[in-house]
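Chains as they are written, first to last, in this note's numbering: chain A, 11 to 224; chain B, 11 to 224.
Working notes, beginning with the structure itself.
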């Protein structure tokens with residue numbers, strides 16, 4: 011089973027690595043990091059590169075396609091090699107998935123039209139304009155399309171996916187392996203629970219980052 | 011404020027990237043990935059490399075030292091350049107931290123003697139023999155020494171650290187930014203909650219992996 015994780019300039023690292031840490035440990039997984047060009051791809055903070063080992067053309071029909079988000083998403087909203095690859099890969103994929111604003115890329119490529127989906131809370135208002143139907147859940151399954159909310163939600167998504175791919179025992183084993191028994195020290199992980207003034211502050215920060223002014 | 015994250019062959023990616031995703035976003039952070047040699051460092055699964063941009067010698071006195079775990083830990087238990095660097099960096103660090111079996115490396119370097127610490131549940135029995143005192147918590151603070159349990163616990167640790175470094179508002183802002191509002195689909199993230207037969211199975215798997223037979 012081939013799992014392809016897309017990398018692009020200014021992706022958010024945990025969007026990719028959270029699901030990777032779960033899914034790459036599936037017994038029959040062959041996980042590949044793909045990008046337009048093979049080699050180091052630099053993340054959004056600018057001080058960490060992950061190495062893409064294959065070009066898009068080298069991975070034409072993975073069983074799972076996973077698109078992370080991050081500020082680089084805004085440069086991937088118009089048609090081009092990434093959209094073409096996503097549409098082609100989606101034709102034969104068993105699962106087409108995203109974390110964070112990766113779903114905006116999937117939607118812009120035309121793959122979420124009329125489908126229920128989610129994204130980072132900051133970006134959720136952008137989904138309807140791209141043809142998707144917003145679902146207020148952390149992880150959204152619509153047929154083979156799986157989208158997760160912001161950054162860290164990819165871990166939850168991957169465990170749910172692992173359960174559907176390999177059964178509940180396997181998924182629980184993977185959860186135990188990464189000791190995923192979260193104890194956040196604050197209740198601030200969602201705009202529903204965080205102090206409202208912090209939500210507004212973060213909204214401003216993210217607006218600046220996503221528009222390239224961050 | 012300089013944050014140094016150690017990379018070594020066969021590290022576990024999320025151990026490093028979980029805390030990175032939080033701490034690298036502190037307003038005054040300069041985060042560097044360091045290794046014995048600069049360049050791509052391959053993880054435990056063998057299909058992902060993160061790029062270390064500095065050698066150990068180039069980062070002699072970071073404000074925070076963070077040591078991830080993973081199967082590669084077993085080759086870092088005897089004295090050598092990594093222990094020497096850790097001891098030297100610890101002399102001036104504000105925080106000395108680890109995730110997962112990274113604490114075994116810290117302990118082997120002599121930095122956790124008589125201190126309360128934790129590690130991955132699988133490895134917790136190894137701490138006393140290395141001079142540390144096991145604390146049954148997901149994140150353990152003992153003065154400036156901070157250790158986290160397995161893999162995903164580094165996110166919780168980093169948020170607690172961010173709170174102590176920059177205050178509760180900043181830590182909550184970072185939590186909101188990564189939408190860390192976890193919803194694990196199973197209650198299997200700890201040996202206390204996972205089905206006992208899965209705990210035994212994973213114990214066997216990890217024993218094989220950590221002894222190089224995995």
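Where a beta carbon is used, it is the ideal one built from N, C-alpha and C, also for glycine.
(1) In three-state DSSP terms, what is residue 204 of chain B?
(2) Can you list, in chain order, the residues of its chain whose CB lies under 6 angstroms from that of residue 157 of chain A, leaving out five sequence neighbours each side?
(3) Give, in chain order, every unbroken run of the alpha helix (DSSP H) that is at least 4 residues long and sits entirely within the stretch 14-93 of chain A.
(4) Can you name the residues of chain B whose CB is closer than 8 angstroms to the CB of residue 146 of chain A?
(5) Among the candidates B:19, B:18, B:40 and B:29, whose CA atom is the shortest distance from the CA of residue 163 of chain B?
(6) Rounded to whole angstroms, what is the Cα-Cα separation between residue 85 of chain A and residue 17 of chain A?
(7) In terms of residues, what are the limits of the beta strand (DSSP E) holding residue 227 of chain A?
(8) Going by the DSSP bridge assignment, what does residue 107 of chain A pair with across the sheet?
(9) Thinking just about the alpha-carbon of each residue, which of A:202, A:170, A:51 and A:38 is nearest to the one in residue 132 of chain A?
(10) Does residue 136 of chain B have its Cβ less than 8 angstroms from a Cβ in chain A?
(11) Under 9 angstroms between beta-carbons, which chain B residues line up against residue 181 of chain A? List them in chain order, please.
(12) Determine, for residue 33 of chain B, whether the minimum Cβ-Cβ distance to residues of chain A falls below 8 angstroms.
(13) Which of the residues in the stretch 13-33 of chain B, read from start to end, lie with their CB under 8 angstroms from any CB of chain A?
(14) If you compare alpha carbons, which of B:209, B:116, B:197 and B:221 is closest to residue 169 of chain A?
(15) Look at the Cβ atom of residue 172 of chain B, then the Cβ atom of residue 32 of chain B, and state whether they are nearer than 8 angstroms.
(16) Skipping 5 residues on each side, what residues in its chain have a beta carbon closer than 6 angstroms to that of residue 224 of chain A?
(17) Report yes if the C-beta distance between residue 22 of chain B and residue 53 of chain B is below 8 angstroms; otherwise report no.
(18) To the nearest angstrom, report how far apart residue 115 of chain B and residue 19 of chain A are at their CA atoms.
(19) Let me see if you follow: with CB-CB separation under 8 angstroms, is residue 175 of chain A close to chain B or not?
(20) Relative to the alpha-carbon of residue 57 of chain A, which residue among B:58, B:143, B:39 and B:215 has its alpha-carbon at the smallest distance?
(21) Identify whether residue 213 of chain A lies in helix, strand or coil by the three-state DSSP scheme.
(22) Give the straight-line distance between the Cα atoms of residue 135 of chain A and residue 90 of chain B, rounded to the nearest whole angstrom.
(23) So, helix, strand or coil for residue 197 of chain A, using DSSP?
(24) Give me the chain B residues within the contact set of residue 189 of chain A, using Cβ-Cβ distance strictly less than 7 angstroms, ordered along the chain.
(25) According to DSSP, what are the bridge partners of residue 126 of chain B?
(26) Determine the contact status of residue 100 of chain A and residue 121 of chain A, defining contact as a CB-CB distance below 8 angstroms.
(27) Counting only Cβ pairs nearer than 7 angstroms, list the residues of chain A close to residue 185 of chain B.
(28) From what residue to what residue does the alpha helix (DSSP H) around residue 183 of chain B run?
(29) Output yes or no for whether 8 angstroms exceeds the beta carbon distance between residue 191 of chain B and residue 174 of chain A.
(30) Using only alpha-carbon positions, find the residue among B:67, B:63 and B:25 that is nearest to residue 82 of chain B.
(31) Within the continuous alpha helix (DSSP H) that includes residue 119 of chain A, where are the two ends?
(32) Do residue 44 of chain B and residue 66 of chain B have their C-beta atoms closer together than 8 angstroms?
(33) My understanding is that residue 117 of chain A touches residue 142 of chain A, with C-beta atoms under 8 angstroms, so please give their C-beta distance in whole angstroms.
(34) If we cut at 8 angstroms on Cβ distances, does residue 142 of chain B have a partner in chain A?
(35) Using a Cβ-Cβ cut-off of 7 angstroms (strictly less than) and excluding sequence neighbours within five positions of residue 62 of chain B, which residues of its own chain qualify?
(36) Using a Cβ cut-off of 8 angstroms (strictly closer), state whether residue 45 of chain B contacts chain A.
Per the coordinate set shown:
(1) DSSP places residue 204 of chain B in coil when its eight states are reduced to three.
(2) Only 108, 113, 127, 128 and 150 meet the Cβ criterion.
(3) 23-33
(4) What residue 146 of chain A touches in chain B: nothing, since even the nearest Cβ is about 12 angstroms away.
(5) B:29
(6) 13 angstroms
(7) Chain A is shown from 11 up to 224; residue 227 of chain A falls before or after that span and cannot be answered.
(8) BP columns for residue 107 of chain A point to A:76 and A:156.
(9) A:202
(10) no
(11) 195, 196 and 198
(12) no
(13) 22, 23, 24, 27, 28, 30 and 31
(14) Distance check between residue 169 of chain A and each of B:209, B:116, B:197 and B:221 places B:197 closest, using alpha-carbon atoms only.
(15) Against a cut-off of 8 angstroms, the Cβ pair of residue 32 of chain B and residue 172 of chain B comes out as a contact.
(16) Unreliable placement is indicated for residue 224 of chain A, whose pLDDT of 47 sits below 50; the coordinate value is still reported in the next sentence. These residues qualify, in order along the chain: 218.
(17) yes
(18) C-alpha separation (whole angstroms): 33 angstroms.
(19) No, residue 175 of chain A lies away from the interface with chain B (no Cβ there is under 8 angstroms from its Cβ).
(20) B:39
(21) helix
(22) 53 angstroms
(23) coil
(24) 130, 131, 159, 160, 161, 162, 163, 199 and 200
(25) Paired residues: B:143.
(26) Yes, these two residues count as a Cβ contact at 8 angstroms.
(27) For a Cβ distance threshold of 7 angstroms, residue set 194, 196, 198 and 199 of chain A lies close to residue 185 of chain B, ordered along the chain.
(28) Note, residue 183 of chain B: alpha helix (DSSP H), 178-187.
(29) No, they are not a contact pair.
(30) B:25
(31) That residue, residue 119 of chain A, is in no alpha helix (DSSP H); it is neither H nor E in DSSP.
(32) yes
(33) 5 angstroms
(34) no
(35) 17, 43, 44, 45, 48, 49 and 51
(36) no
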